[in-house]
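Asker:
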Amino acid sequence: KLVLAVILGSAGANVAECLDQRFVMQAATADQYRSNRDEFWARQGIPLDSYEVTLFERRVYDKAVSGFFAHSNVAGAYFILALACGFVVLVSARQGGHRILAWLLMLMLALALILTRSRGAIAAGCLGVLVGLICRPVFGFLRRHPRRAWLWGWMLTVTALGAVVVCGLLRG
């Protein structure tokens, strides 16, 4: 429970930072850049029509947030992890107040995930939910047949290792 609390607490702090970035800091940063654009690049000796200016301006005007992380994809991946932890808390909560708090936190995490604009994290989260729904009946079968579970686990491990080796040999 302590690990879940730490993950959800840090995710909550990241949500607050993401909201601040999106609704306060991004506009202020863009305004400040616009007011000093020519002077900023002249000091560095870089012409305004260069590729470096284009890349920098894409980053300045991008609406994706990253919280306390260096990149929005990392923040998105962390929010997916935190959403899974929130789901565990929601399922295991016995009191109504804890369930409401878990729902609110998950809603805020989902909002922050959307604000990251991390399509990879969102796709991975959707894939994880899909795999979980598909595997649920499989896990019940494997619990009833532990020897088959062990055999399938080793077969999948050997197959995955073999695929890595073959891929490495083919690509050099």
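What the sequence shown shows, in the working numbering, is residues 102 to 273, in sequence order.
A virtual CB, placed ideally from N, CA and C, is assigned to each residue, including glycine.
Please state the DSSP three-state secondary structure of V154.
Answerer: helix
Asker: Using the C-alpha atoms, what's the distance from D150 back to F188?
Answerer: When rounded, the distance between both Cα atoms is 49 Å.
Asker: My output table needs one value for G168: the three-state DSSP class, helix, strand or coil.
Answerer: coil
Asker: Could you give the DSSP three-state label for Q133: helix, strand or coil?
Answerer: The three-state secondary structure of Q133, taken from DSSP, is helix.
Asker: CA-CA distance, A250 and V239?
Answerer: 10 Å
Asker: With a cut-off of 8 Å, do at least 3 Cβ pairs link the region 157–167 to the region 193–201?
Answerer: Taking 8 Å as the limit for Cβ pairs, the verdict is that the region 193–201 does not touch the region 157–167.
Asker: Could you give the DSSP three-state label for S219: helix, strand or coil?
Answerer: coil
Asker: For the alpha helix (DSSP H) that L149 lies in, which residues bound it at each end?
Answerer: First-last for L149: undefined, no H or E at that position.
Asker: Can you tell me whether N137 is buried or exposed, with buried defined as 16 or more other CB within 10 angstroms of its CB?
Answerer: exposed
Asker: Compute the beta-carbon to beta-carbon distance between L216 and R135, rounded to the nearest angstrom, for a pair I have assumed lies under 8 Å.
Answerer: The pair is not a contact, with the Cβ atoms about 22 Å apart (cut-off 8 Å).
Asker: If I follow the unbroken alpha helix (DSSP H) through F188, where does it start and stop?
Answerer: For F188, the enclosing alpha helix (DSSP H) has its first and last residue at 173–193.
Asker: Keeping to the same chain, check which residues put their C-beta closer than 8 Å to that of L307; ignore five residues upstream and five downstream.
Answerer: As shown, the chain starts at 102 and ends at 273. That puts residue 307 outside it, with no answer to give.
Asker: Give a yes or no on contact between the region 211–229 and the region 248–263, applying the rule of three or more CB pairs nearer than 8 Å.
Answerer: Proximity of the region 211–229 to the region 248–263 falls short of the contact definition, fewer than three beta-carbon pairs being nearer than 8 Å.
Asker: CA-CA distance, L234 and G226?
Answerer: One C-alpha to the other measures close to 12 Å.
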